[in-house]
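Report on one structure; see the data block that follows.
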Amino acid sequence: MPVGNSDRGVGLWAGQVMFGLDNSNQYIDWWHEAIPGSGEGFDHEGTLTSVIINPSLTVGLSNYWNITINKTLGRRTMTWIGDTTTIHH
Numbered sequence: 017m018p019v020g021n022s023d024r025g026v027g028l029w030a031g032q033v034m035f036g037l038d039n040s041n042q043y044i045d046w047w048h049e050a051i052p053g054s055g056e057g058f059d060h061e062g063t064l065t066s067v068i069i070n071p072s073l074t075v076g077l078s079n080y081w082n083i084t085i086n087k088t089l090g091r092r093t094m095t096w097i098g099d100t101t102t103i104h105h
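The opening position of the sequence shown corresponds to residue 17 in the numbering used here, with each subsequent residue numbered one higher.
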């Protein structure tokens, strides 16, 4: 695996290929009081979950030039805890 020098950065040599994968997960347990003037007299609560994956592929075009292709993929889900409906969740 190429590393490079700390004073010159990290790079690939011509023809080398490097695959990378970044991952981020977030879980939020949320709650707020009833919104004044909304006509809803109950508290709101639920969860918000996010999973983000960012795969990348870097190819050494020469000993001085690299090209990187990456894509961000994600999924967010929100749950509503309660037996009533609301206008904004």
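In this text, a Cβ means the ideal position worked out from N, Cα and C, and glycines have one as well.
Span of the beta strand (DSSP E) around residue i
i      : result
Pro-71 : 60 to 76
Leu-89 : 89 to 96
Ser-40 : 33 to 48
Ile-83 : 82 to 86
C-alpha distance - residue i paired with residue j, whole-angstrom precision
i      : j       : result
Pro-52 : Asp-59  : 11 Å
Leu-73 : Glu-49  : 46 Å
Asn-82 : Asn-41  : 29 Å
Met-17 : Gln-32  : Confidence in Met-17 is poor, its pLDDT being 49 and thus under 50, which makes the residue's placement too unreliable to answer from.
Gly-55 : Tyr-43  : 29 Å
Ser-66 : Thr-101 : 23 Å
Phe-35 : Gly-57  : 52 Å
Tyr-80 : Asn-86  : 20 Å
Gly-76 : Arg-91  : 31 Å
Beta-carbon proximity of residue i to residue j, cut-off 8 Å
i       : j      : result
Ile-106 : Thr-93 : The chain is shown from 17 up to 105; residue 106 falls before or after that span and cannot be answered.
Trp-96  : Gly-62 : yes
Trp-46  : Leu-64 : yes
Asp-99  : Asn-70 : no
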